[in-house]
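K.L.:
Once you've had a glance at the structure underneath, I'll fire off some questions.
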Amino acid sequence: MSDEILSLIYTFSRKFKDPKSNLSFEPKNKNFSAFINKGNVNIALQISNNDMKFYDDMSRLLKQNIKQIPGVLSVNIITTAEKDQIKEEKKYKIDVKNIIAIASGKGGVGKSTFAVNLSVALKSLGLKVGILDADIYGPSIPRMMGISKKPEMNKNKKLIPIENFGLKCMSIGFILEPESPTIWRGPMIIKALEQMFNGVEWGSLDYLIIDLPPGTGDAQLSLAQNSKLTGSIIISTPQQVALTDARKGINMFKKVDVKILGIVENMSYFICDNCDQTHYIFSKDGAKNEAEKNKIPFLGDIPIDKKMRQQSDDGRPCCIDDPEGDMSKKFIEIAKNINSSATTTHS
Ligand SMILES: Nc1ncnc2c1ncn2[C@@H]1O[C@H](COP(=O)(O)OP(=O)(O)OP(=O)(O)O)[C@@H](O)[C@H]1O
Ligand SMILES: [Mg+2]
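Position one of the sequence shown corresponds to residue 41 (our numbering), numbered consecutively onward.
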């Protein structure tokens, strides 16, 4: 369904020419990208702010027409600044050296579990770490971090992140009404995300790890547009259905110029308690091969582990509960890799 909508969008958009470059808006035009998430359409237009006036009429027409496509629930046009302007125009202000978004195409592949354990692992390297739960559809970081209270406001009307295990934690779930998130529209999500940065007393951090909702929607695009993302990490399970969606995520980040720091393969295999054999339940090496194909670093594989699921449910991340265990070692290895490449980039 999404693919059909996408091809209809491009059928219409290619009739338009970019007023500045004179290129038509088709898939190979890097300045124009369309993404769909459950019927909500996001169009990213990469243009200079000074040129906005040339695009007003076209944006309006495009929006009106895309809205008519059956199955489209909303249309949001996001303009992203040209590369050389990006630094000055970031709206989300925070004193942090690195912001890393944890993303996936498909839901339920282990983003939140990874985000939590990567954060704890980075903290164990002596770094100051914050974790931001930006999952508008199902915020799960407070539970996985063993947090049950809500944040308070300081005298500057900023929310104070809740601390546990030495990490600062904020969740978009703390400020959302528990209404159905499917009725959320772009502008509301963008506003809530801005509040997560500018309305929170983060202090100074080495890392802010962001747990994203699945897919390629408003949250992903506005973060790419408004925050200084160091890069994203894509989590995927090894089977084709997950990889097809992961590919969409990879393409989206490429289009909006967010560096992909690497792919992590979660639920790679299962070692049976009884027979001690390794079972490749979701196929073998799928995400690893995908990383190679896309020339993206492969950051590591994480097996299916019953204890880790239990630790998540209990709000004691495995890197806290069993810091010397094999699973924790996997996360620490990945954290060291990421930190050394971040340090190299900064120096
Ligand atoms: N390697 C693993 N071994 C065992 N259980 C896991 C593993 N990774 C994740 N899980 C469990 O799978 C479930 C889904 O994981 P998680 O919530 O981290 O995924 P997600 O990608 O964040 O999902 P969503 O898209 O809904 O936000 C959780 O119950 C989690 O504890
Ligand atoms: Mg999650």
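For every residue, glycine included, the Cβ atom is placed at its ideal position computed from N, Cα and C. Predicted model only: the values in this text are computed from it and were never measured.
Could you name the residues that DSSP lists as bridge partners for A143?
P.N.:
Its beta-bridge partners are I274.
K.L.:
Does any heavy atom of ligand 1 sit closer than 7 Å to the C-beta of N266?
P.N.:
no
K.L.:
What residues are listed by DSSP as bridge partners for M210?
P.N.:
L172
K.L.:
Just jot down, in chain order, the residues whose CB lies closer than 7 Å to any heavy atom of ligand 2.
P.N.:
K151, S152, D175, G178, S180, D251
K.L.:
When burial is assigned at 16 or more other CB atoms within 10 Å of the CB, is F94 buried or exposed?
P.N.:
Its Cβ having fewer than 16 others within 10 Å, F94 is exposed.
K.L.:
Tell me whether N71 sits in a helix, a strand or coil according to DSSP, three-state version.
P.N.:
coil
K.L.:
Heavy atom of ligand 1 less than 7 Å from the Cβ of I230, yes or no?
P.N.:
no
K.L.:
Excluding the five sequence neighbours on either side, which residues of its own chain have a C-beta within less than 6 Å of the C-beta of A264, listed in chain order?
P.N.:
V296, V298
K.L.:
Mind checking D43: buried by the 16 CB within 10 Å criterion, or exposed?
P.N.:
Label assigned to D43: exposed.
K.L.:
Pair every Cβ in the segment 348 to 361 with every Cβ in the segment 149 to 157, then say whether three or more of these pairs are closer than 8 Å.
P.N.:
yes
K.L.:
At the level of alpha carbons, what is the spacing between N329 and V81?
P.N.:
30 Å
K.L.:
To the nearest angstrom, how far is it from the Cα of I321 to the Cα of I229?
P.N.:
36 Å
K.L.:
Since G170 and P191 should fall inside the 8 Å C-beta cutoff, what is the C-beta to C-beta distance between them, to a whole number of angstroms?
P.N.:
At roughly 12 Å, the Cβ-Cβ gap does not stay under 8 Å, so G170 and P191 are not in contact.
K.L.:
Alpha carbon to alpha carbon, what distance is there between N62 and M98?
P.N.:
Annotation: M98 to N62 spans about 13 Å, alpha carbon to alpha carbon.
K.L.:
Just to confirm the assignment, what range does the alpha helix (DSSP H) spanning S262 have?
P.N.:
258 to 266
K.L.:
At the 8 Å Cβ level, is C315 part of the contact set with chain B, yes or no?
P.N.:
In the displayed structure, chain B is absent; only one protein chain is listed.
K.L.:
Do you know whose CA, among N90, K78, K103, I76, lies nearest F56's CA?
P.N.:
Closest by alpha carbon: K103.
K.L.:
With DSSP run on the structure shown, which of helix, strand or coil describes S352?
P.N.:
helix
K.L.:
Please return the same chain residues whose Cβ sits closer than 7 Å to the Cβ of L269, not counting the five positions on each side in sequence.
P.N.:
I139, A141, L263, V298
K.L.:
Going by DSSP, which residues form a beta bridge with A193?
P.N.:
In the sequence under discussion, the amino acid at residue 193 is Met, which differs from the Ala named in the question. Beta-bridge pairing by DSSP links M193 to L199.
K.L.:
How is L85 classed by DSSP in three states: helix, strand or coil?
P.N.:
strand
K.L.:
How big is the Cα-Cα spacing for H319 and M307?
P.N.:
Straight through space, the alpha carbons of M307 and H319 are spaced by roughly 11 Å.
K.L.:
If you measure between the beta carbons of L252 and A143, is that distance less than 8 Å?
P.N.:
yes
K.L.:
Bridge partners of K57, per DSSP?
P.N.:
S64
K.L.:
Cβ of S272 within 8 Å of Cβ of I303?
P.N.:
Pairing S272 with I303 gives a Cβ-Cβ distance that is not under 8 Å.
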